[in-house]
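In terms of the numbering used here, the sequence shown opens at residue 15 and continues consecutively. Below: one structure, written as structure tokens.
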Amino acid sequence: MTNKEILEIALRQSAEDNGCRAEDFLSDKNIVVPFRLGEKARKYYKEPITCNFITYGNNVVAASSDEVADIVKEYVGKFEFYHCFETPNMNWLIERIEKLGHKVCFMAEFFLPDIEKMPVLECPYATRILGPKDFKALYLPQWSNALCSARKELDVLGMGAYDGDKLVGFAGASADCDDMWQIGVDVLPEYRRNGIASALTNMLAKEILKRGKVPFYCCAWSNVRSARNAIRSGFVPSWVEVTVKPTEVVDGMNK
């Protein structure tokens, strides 16, 4: 699989997630489309979604509900596309959508592997490929980034690091859609800063690629440690998203 093929798969998936065309993300013009969650959208996308803003670095594609579509069109026409994902400009949007009962909910950065620069990383501890049968006893707080107890059926592959018989680091892959598997990783606090996370992420990404799937990695913009891990592991920043949801949904997450 080449970098071009990986990007094409990611673009098609983002189009499926939002109801637009893959080529929309490559345009030099900002595009607003009606939001539509496709049948093969990523499993963690849950309605209601008021609006989703996405950029792959060329423009902003905004998939919007009818209720806020006019505001969204004015917003993406008012600012440079990259300023639509940052303050102070985002405050212009927030002030208007809050009056209609909506708030900014998620802001995330996504990474794809760079096949041409994927490093070979050695883990300082013994590693082992893990599968769903191995996960049953691992749905614990210390592995909550690698596994998702709410979507156990999607956890399909893992890479563990062991100090003797003790699991000290764990990277897991979630089959969030047909062609792309998301990687999450955890390392026990006393074993951090030893290169375990990057080695496991790197090794798991290669195992995913062997299976004909595209590994991807996601973190909050402020999670510098996680972003650094993605880059050390052979991933590169590829797209960002800002998601707007109804106020009651967002407020419920803060309780």
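Glycine included, each C-beta is placed from N, C-alpha and C at the ideal position.
What's the C-alpha gap between Asn-159 and Gly-186? 8 Å
How is the beta strand (DSSP E) around Phe-149 delimited, first residue to last? Taken as a continuous stretch (DSSP letters only), Phe-149 belongs to no beta strand (DSSP E), being part of the alpha helix (DSSP H) at 146 to 149.
Going straight from the alpha carbon of Leu-114 to that of Trp-235, what length do you get? Roughly 27 Å separates the two Cα atoms.
Determine the contact status of Thr-257 and His-116, defining contact as a CB-CB distance below 8 Å. Against a cut-off of 8 Å, the Cβ pair of His-116 and Thr-257 comes out as no contact.
Take the Cβ of Val-134 as the centre, count every other Cβ of all protein chains shown within 10 Å, and call the residue buried at 16 or more, exposed below. exposed
Sort Lys-87, Ser-163, Tyr-58 by Cα distance to Asp-31 and report the nearest one. Closest in C-alpha terms to Asp-31, from the list Lys-87, Ser-163, Tyr-58, comes Tyr-58.
Could you tell me which whole beta strand (DSSP E) segments of length 3 or greater appear in the stretch 34 to 73? Fully enclosed beta strand (DSSP E) runs of 3 or longer: 45 to 48, 65 to 69.
Given a cut-off of 8 Å, decide if Lys-87 and Val-46 are closer than it, judged by their beta-carbon atoms. yes
Could you please give the first and the last residue of the uninterrupted alpha helix (DSSP H) stretch that includes Ala-219? Here the alpha helix (DSSP H) through Ala-219 covers 210 to 224.
Please return the same chain residues whose Cβ sits closer than 8 Å to the Cβ of Thr-141, not counting the five positions on each side in sequence. Within the same chain, Thr-141 has close Cβ partners Met-173, Gly-174, Ala-175, Tyr-176, Ala-213, Leu-214, Met-217.
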